[in-house]
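Protein chains: 2
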Amino acid sequence: MSTLPQPFSESKPETQLRLAANNCPTNAACEGCSSRHLSLCNALDTDELHRFSEISTDIHKPAKQIICSEDEAADYIYNIRNGTVRLSKMLADGRRQITGFLFAGDFFGLSCKDKYSYTAEAITDVDICRFPRAKIIGSFKEFPALGERVFEMTRTELEATHDQMLLLGRKTAKEKLCSFLLTLQEKSRCLEGQDKNEIKIPMNRSDIADFLGLTVETISRQFTNLHKMNLIELDDAHKVVLTNPEAIAAIAEGN
Amino acid sequence: MSTLPQPFSESKPETQLRLAANNCPTNAACEGCSSRHLSLCNALDTDELHRFSEISTDIHKPAKQIICSEDEAADYIYNIRNGTVRLSKMLADGRRQITGFLFAGDFFGLSCKDKYSYTAEAITDVDICRFPRAKIIGSFKEFPALGERVFEMTRTELEATHDQMLLLGRKTAKEKLCSFLLTLQEKSRCLEGQDKNEIKIPMNRSDIADFLGLTVETISRQFTNLHKMNLIELDDAHKVVLTNPEAIAAIAEGN
DNA sequence: CGATGGATTGAACTGGTTCAAGTGGAGTGG
DNA sequence: CCACTCCACTTGAACCAGTTCAATCCATCG
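Chains as they are written, first to last, in the working numbering: chain A, 605 to 859; chain B, 605 to 859.
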């Protein structure tokens, strides 16, 4: 994983159907998944997909680079091919709240008015696919199924943010971290189709802290706490094994 | 304002066009408003409105009664004629997070899948108008403008919840209360069209606390703090005058 | 008039923060 | 190949914003 900032590269897609072919790690089979990665392509047939692929641009962003910024004109929507992205909002003095982490198959920029209401940054190196937003929005009339899918994605995302509000407002540090680990597990099950208890954690402690409304130190302490309670194993900072998922789930729900 | 729970009353609407005529305190003129009360009726012409009015049921709920509960089948969508409603989620042990307050003109139940993901309760006596959800959702195809409007409302609501996540995760008690007062002010400006600094606060301290992720005591102390700082006047617990809105806005934004 | 319940205030406490120091792994350069 | 730097992470100790617990106030209502 490269960590040095580099100029981003941009190119026309070589495989026109990549949106359809590669970008749907999750689909109808994964209805249970809680987050944003209901794919758009289910809503379109092959001809329609061609049209949308043709207006797309493939972009590679190295880790740590900004993809789009809060208050910038929302000209594009983005689909993540692979890698991890964070969405965040800031206060004037630098305090940051991460509103969500996005993974392969996820979209962002869809539910904006005319400006992005958050900053999107690459956590790992990412491959993303960019579409002119006006063209997508404009084609809702022609392809109602597309609009329905976008509505469905927004709806699902709204429900997830309600859960996150409960977490931010009312859960303890330990409960927050347990909830987070379970969300990550569910996500990686969806993406990798595996039913393992081993989780890769692509983001750093500071990102987790800003997502859960805590500090880096508290995150670190809670990780060691869970380890001492024999609920997790910590291979390194970015790989965790949930040795007792049931107990973690119980804590996450406040029991 | 009645406070005793009473059996709710239910009746067919006498004025078929009440949805159109009375329930749009806000409309295009109020685009700047941040929350859920973009009206649906703008999306429909008179004939269409008649059809929707005919499938609606008027309901009166006294204060403190439950309108719909988390995990209950989401059979209806609701439009608030007047009064104030709270949406909330709970943890097993009773900790509560209020995800939003709704006022005249607001809708809820739209962005659910098949179960309500929150409990809706009347804070004051409310008059609400109930529509079978399936019929509304089903008519998106026939009336695309309706679907677009619903999407727009959901989108707007999502942006508001992102702001609330920043508040819950990163703001101090004082900043939280100032942000809340300003939101209430904007809301009452929209509803009453007045540019006053006097705000009626329909909810009690405990509701405010559960909305801001704090305790009743902290809310109370912060109210007196703001009063001592000469930023607000407190006529009684439910009526506040913002004597220095600029200073309050500065605090709310973290300055 | 006493009872009830929301709101306020006070005082002690604590979960999480802040500040500061230490650790370890990856990259760099000699 | 080793020494050095850097940076993310961890750990410790003091601190404090907000909580908890308890008492009081005060408006409303029967």
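Backbone N, C-alpha and C fix where the C-beta goes; we use that ideal spot for every residue, glycine too.
As the structure is a prediction and not an experimental result, all values here were calculated from the model.
- Under the Cβ criterion of 8 Å, residue 849 of chain A is not counted among the residues facing chain B.
- If you draw a 10 Å sphere on the C-beta of residue 817 of chain B, you find 16 or more other C-beta atoms in it, and that means buried.
- Shown here, residue 833 of chain B sits in coil according to DSSP, grouped into three states, outside any helix or strand.
- Residue 748 of chain B carries a helical assignment under DSSP once its states are collapsed to helix, strand and coil.
- Residue 808 of chain B is outside the set of residues whose beta carbon lies under 8 Å from a beta carbon in chain A.
- About 27 Å separates the CB atoms of residue 671 of chain A and residue 749 of chain A; that is not less than 8 Å, and the two are not in contact.
- With its beta carbon at least 8 Å from every one in chain A, residue 682 of chain B lies outside the interface.
- When DSSP reads this structure, residue 754 of chain B sits in no beta bridge, so it has no partner.
- Annotation for residue 829 of chain A: 778 place their beta carbon closer than 8 Å to its own, counting only its chain and skipping 5 residues before and after.
- Residue contact with chain B for residue 709 of chain A: absent (no Cβ-Cβ distance below 8 Å to any residue of chain B).
- For residue 682 of chain B, same chain residues with a beta-carbon under 6 Å away, outside a window of 5 residues either side, are 712, 713, 732, 734 in chain order.
- When C-alpha distances from residue 736 of chain A are compared across A/746, A/762, A/744, A/680, the shortest belongs to A/680.
- A distance of 8 Å or more separates the beta carbons of residue 673 of chain B and residue 766 of chain A.
- Annotated three-state conformation of residue 704 of chain A is strand, per DSSP.
- Interface criterion not met: the Cβ of residue 669 of chain A is under 8 Å from no Cβ in chain B.
- For residue 654 of chain B, no beta strand (DSSP E) segment is defined; the enclosing uninterrupted segment is the alpha helix (DSSP H) at 650 to 658.
- Ranked by Cα distance from residue 653 of chain B, the first of B/843, B/771, B/809, B/743 is B/743.
- Apart from the 5 residues on each side of it in sequence, residue 819 of chain B sits with its Cβ closer than 7 Å to the Cβ of 813 in its chain, given in chain order.
- Within a 10 Å sphere around the beta-carbon of residue 788 of chain A sit 16 or more other beta-carbons, which makes this residue buried.
- Chain order gives no chain A residues near residue 824 of chain B, where near means a beta carbon separation below 7 Å; the closest approach is about 18 Å.
- Close to residue 720 of chain B, with beta-carbon spacing below 8 Å, lies no residue of chain A; the smallest spacing is near 10 Å.
- DSSP, reduced to helix, strand and coil, places residue 692 of chain A within a strand of the structure shown.
- Burial of residue 823 of chain B is indicated by the presence of at least 16 other C-beta atoms within 10 angstroms of its C-beta.
- The beta carbons of residue 746 of chain A and residue 719 of chain A sit about 26 Å from each other, so the pair does not count as a contact at 8 Å.
- Between residue 669 of chain B and residue 708 of chain B the beta-carbon gap is near 18 Å, outside 8 Å, which marks them as no contact.
- Of all residues in the segment 763 to 786 of chain B, only 763, 765, 766, 767, 768, 769, 770, 772, 773, 774, 775 come within less than 8 Å of chain A when Cβ atoms are compared, listed by chain position.
- Classified as buried, residue 783 of chain B has 16 or more neighbouring CB atoms from the shown chains inside 10 Å of its CB.
- Here residue 650 of chain B is exposed, its C-beta having fewer than 16 other C-beta atoms within 10 Å.
- Interface flag for residue 697 of chain A against chain B is set, since a Cβ pair is found closer than 8 Å.
- Contacts with chain B at 8 Å (Cβ-Cβ) do not include residue 723 of chain A.
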